[in-house]
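Asks:
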Amino acid sequence: MGKVAVGAAVACAAALCAAAALVVRIRMRCSGKWARAMAILREFKENCGTPIGKLRQVADAMTVEMHAGLASEGGSKLKMLISCVDNLPSGDEKGLFYALDLGGTNFHVIWVLLGGKDGGVVKQEFEEVSLPPHLMTESSDALFDYIAAALAKFVAMEGEGLHPSPGRQRELGFTFSFPVGQDVVGELTKAMERIGLDMRVSALVNDTIGTLAGGRYYNPDVIAAVILGTGTNAAYVERAYAIPKWHGLLPKSGEMVINMEWGNFRVLLKMAEEADFFGDVGPPKLKIPFILSSAIYICLTPHMSAMHHDASSDLRVVGSKLKDILEIPSTSLKMRKAIVELCDIVATRGARLSAAGIVGILKKLGRDTVKDGEKQKSVVALDGGLYEHYFKFSTCMESALKDLLGEEVSDNVVIEHSNDGSGIGAALLAASHSQYLEVEES
Numbered sequence: 022m023g024k025v026a027v028g029a030a031v032a033c034a035a036a037l038c039a040a041a042a043l044v045v046r047i048r049m050r051c052s053g054k055w056a057r058a059m060a061i062l063r064e065f066k067e068n069c070g071t072p073i074g075k076l077r078q079v080a081d082a083m084t085v086e087m088h089a090g091l092a093s094e095g096g097s098k099l100k101m102l103i104s105c106v107d108n109l110p111s112g113d114e115k116g117l118f119y120a121l122d123l124g125g126t127n128f129h130v131i132w133v134l135l136g137g138k139d140g141g142v143v144k145q146e147f148e149e150v151s152l153p154p155h156l157m158t159e160s161s162d163a164l165f166d167y168i169a170a171a172l173a174k175f176v177a178m179e180g181e182g183l184h185p186s187p188g189r190q191r192e193l194g195f196t197f198s199f200p201v202g203q204d205v206v207g208e209l210t211k212a213m214e215r216i217g218l219d220m221r222v223s224a225l226v227n228d229t230i231g232t233l234a235g236g237r238y239y240n241p242d243v244i245a246a247v248i249l250g251t252g253t254n255a256a257y258v259e260r261a262y263a264i265p266k267w268h269g270l271l272p273k274s275g276e277m278v279i280n281m282e283w284g285n286f287r288v289l290l291k292m293a294e295e296a297d298f299f300g301d302v303g304p305p306k307l308k309i310p311f312i313l314s315s316a317i318y319i320c321l322t323p324h325m326s327a328m329h330h331d332a333s334s335d336l337r338v339v340g341s342k343l344k345d346i347l348e349i350p351s352t353s354l355k356m357r358k359a360i361v362e363l364c365d366i367v368a369t370r371g372a373r374l375s376a377a378g379i380v381g382i383l384k385k386l387g388r389d390t391v392k393d394g395e396k397q398k399s400v401v402a403l404d405g406g407l408y409e410h411y412f413k414f415s416t417c418m419e420s421a422l423k424d425l426l427g428e429e430v431s432d433n434v435v436i437e438h439s440n441d442g443s444g445i446g447a448a449l450l451a452a453s454h455s456q457y458l459e460v461e462e463s
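Structure follows, in structure tokens:
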């Protein structure tokens, strides 16, 4: 989005429009018109090019902005928010913990039973609850009362042997990935109190930090998490002493999770304006904040993926999508092949810029080189439908990572898919930030 990762498709906003325009031109019978259509496609491909030199520029710019964002509030295009999560799950956590994952028109309630060291996740239960549309426009009390009631109903089904011991509260991790304009923890806590549900919110996180926590629980080498879906963001584990704007006591762990909010990373606009990154005239829409976040949703959708992966001899999936989405009733095979090439151009750009964003994080942590023969494993937990379901996108992204890092370093950088890591991750963070942790350790 301006979001580096999927910022991906700088021209993505115009891709479907370009597809429509291309088809209209292609439909002209004159061979001159076809030649012109192909010239447009070639020009589009050239403008969307991401040679390795430009990708390194993006990665370097990311690292510079990360340093600036950690130095002072408002000092960078990246927010670099201090999450106050300083204790990621270790795998030793034990007990029953809940999670509430609120997003869009529904929310998920989850409980996870943890078995402690070597016990892993013993059991988990999950339920999806739809939010009535009217609650989105009513008072926050009505919304949180509805959520608390659903949570209480879910708790009532936890089963024998899972109830907390007398005097002990249930604990909850709350995933809330919207801009916070109110005290959502306070609102939820009051709603639970109104119905007599004795539960403490132990951790408030967004989906990216939840994914990071879920990844770290299973693999201690996880150092960052990236979301590539209808939205994109990144979070990573920073050394606490490397955060100049942090004025509190250093945490015992020596670490702090940083929520980058890289959706605000608009280095592409700066490069377009100051260095003619996209040619003499920069794309006007780059000046619109968060334009690429909506662009990726429009372009890198299941529809585009389906067309890009169409293996039929006559590209019938492409023809069907053009008919259903763009209302173009009939297309020739060569028209469809041109559309597949267009999909490839956009997806390739997005994937390679995603890789550059990840390399920027690795550079900030000093994990983009091999030092004195030392081989440290760096694992990035990745969630989101774009990475999970768009195979050509994920393959291209991983290839670009190898190109940027070189074979020796890339052998020690691993991308791990973390399915629904945000929900389970919130429960794991409730465990690692439990109010009873010190009592149990003693």
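For the sequence shown, my numbering gives the first residue as 22, with consecutive numbering after it. In this text, a Cβ means the ideal position worked out from N, Cα and C, and glycines have one as well. Because the structure is a prediction, the values reported are computed rather than measured.
With DSSP run on the structure shown, which of helix, strand or coil describes Tyr457?
Replies: By 1-based counting over the sequence shown, the position of residue 457 is 436. Three-state DSSP puts Tyr457 in coil, outside helix and strand.
Asks: If you run the structure through DSSP and keep just helix, strand and coil, what is Lys115?
Replies: In the sequence shown, counting from the first residue as 1, residue 115 sits at position 94. In this structure, Lys115 counts as strand in the three-state DSSP scheme.
Asks: Could you tell me the distance, in whole angstroms, from the CA atom of Glu409 to the CA atom of Ser375?
Replies: Indexing the sequence shown from 1 puts residue 409 at position 388. Indexing the sequence shown from 1 puts residue 375 at position 354. When rounded, the distance between both Cα atoms is 14 Å.
Asks: Should Thr71 and Asp122 be called a contact, given that it needs their Cβ atoms to be closer than 8 Å?
Replies: Here residue 71 refers to the residue found at position 50 of the sequence shown. Here residue 122 refers to the residue found at position 101 of the sequence shown. No, the pair does not count as a contact, with Cβ atoms beyond the cut-off.
Asks: Buried or exposed for Tyr262, please, with buried defined as at least 16 other CB atoms from any protein chain shown within 10 angstroms of its CB.
Replies: Locating residue 262 in the sequence shown gives position 241, counting from the first residue. The residue in question, Tyr262, is exposed, as its Cβ has fewer than 16 Cβ neighbours within 10 Å.
Asks: Whose C-beta lies closer than 8 Å to the C-beta of Glu429 among residues of the same chain, with five residues either side of it excluded?
Replies: On the sequence shown, position 408 is the one that residue 429 refers to. Excluding positions up to five away in sequence, the list reads Val391.
Asks: Skipping 5 residues on each side, what residues in its chain have a beta carbon closer than 7 Å to that of Ser97?
Replies: For this step, residue 97 is matched to residue 76 along the sequence shown. Within the same chain, Ser97 has close Cβ partners Glu86, Ala89 and Gly90.
Asks: With a Cβ-Cβ cutoff of 8 Å, do Leu193 and Ser223 count as a contact?
Replies: Taking the sequence shown and counting its residues from 1, one reaches residue 193 at position 172. Taking the sequence shown and counting its residues from 1, one reaches residue 223 at position 202. It is a contact, given that the beta carbons lie within the stated cut-off.
Asks: Looking at the structure shown, is Ala332 part of a helix, part of a strand, or coil, going by DSSP?
Replies: If you number the sequence shown from 1, residue 332 lands on position 311. Coil at Ala332, not helix or strand.
Asks: Which of helix, strand or coil does DSSP assign to Ile131?
Replies: In the sequence shown, counting from the first residue as 1, residue 131 sits at position 110. Ile131: strand per DSSP, three-state reduction.
Asks: On a CA-only basis, which of His454, Tyr239, Lys413 and Leu117 is nearest Thr369? Give me that one, please.
Replies: Counting from one through the sequence shown, the residue named residue 369 turns up at place 348. Comparing Cα-Cα distances from Thr369 to each of His454, Tyr239, Lys413 and Leu117, the minimum goes to Lys413.
Asks: Return the first residue and the last residue of the beta strand (DSSP E) that Ile216 is part of.
Replies: Within the sequence shown, numbered from 1, the residue matching residue 216 stands at position 195. Taken as a continuous stretch (DSSP letters only), Ile216 belongs to no beta strand (DSSP E), as it is neither H nor E.
Asks: Rounded to whole angstroms, what's the CA-CA distance from Leu218 to Gly180? Just pull it up for me.
Replies: If you number the sequence shown from 1, residue 218 lands on position 197. If you number the sequence shown from 1, residue 180 lands on position 159. Computed Cα separation, rounded: 16 Å.
Asks: Mind checking who Gln145 pairs with in its DSSP beta bridge?
Replies: Residue mapping note: residue 145 aligns to position 124 of the sequence shown, counting from 1. According to DSSP, which records beta bridges pairwise, Gln145 is partnered with Val133.
Asks: Are Trp132 and Leu156 touching if we call contact CB-CB under 8 Å?
Replies: Within the sequence shown, residue 132 is the residue found at index 111, counting from 1. Within the sequence shown, residue 156 is the residue found at index 135, counting from 1. No, they are not a contact pair.
Asks: Is the separation between the beta-carbon of Ala234 and that of Pro110 shorter than 8 Å?
Replies: As a working mapping, residue 234 is identified with position 213 in the sequence shown. As a working mapping, residue 110 is identified with position 89 in the sequence shown. Result yes, Cβ atoms of Ala234 and Pro110 sit closer than 8 Å.
Asks: Pull up the CB-CB distance for Arg215 and Asp139, whole angstroms please, since I reckon it's below 8 Å.
Replies: Translated into positions along the sequence shown, residue 215 becomes position 194. Translated into positions along the sequence shown, residue 139 becomes position 118. Contact flag wrong, Cβ pair sits at about 41 Å.
Asks: Name the DSSP beta bridge partners of Asp162, please?
Replies: Working through the sequence shown from its first residue, we reach residue 162 at position 141. Note: Asp162 sits in no beta bridge, so no partner.
Asks: Fully enclosed by the segment 177–210, which beta strand (DSSP E) runs are 3 residues long or longer?
Replies: Counting whole runs of 3 or more residues, the segment 177–210 contains the beta strand (DSSP E) stretches 191–197.
Asks: Can you find the residues in the same chain that come closer than 6 Å, C-beta to C-beta, to Thr126, ignoring five residues on each side of it along the sequence?
Replies: The residue you call residue 126 lines up with position 105 of the sequence shown. Same-chain partners within the cutoff: Leu152.
Asks: Tell me which residue opens and which closes the alpha helix (DSSP H) that Glu419 is part of.
Replies: For the purposes of this step, residue 419 is taken as the residue at position 398 of the sequence shown. Phe412 to Leu426 is the extent of the alpha helix (DSSP H) around Glu419.
Asks: Counting pairs of beta carbons, one from the segment 239–247 and one from the segment 337–351, are three or more of them closer than 8 Å?
Replies: Cβ pair count under 8 Å is below three, so no.
Asks: Does DSSP classify Asp345 as helix, strand or coil?
Replies: By one-based count along the sequence shown, residue 345 stands at place 324. Note: Asp345 maps to helix in three-state DSSP.
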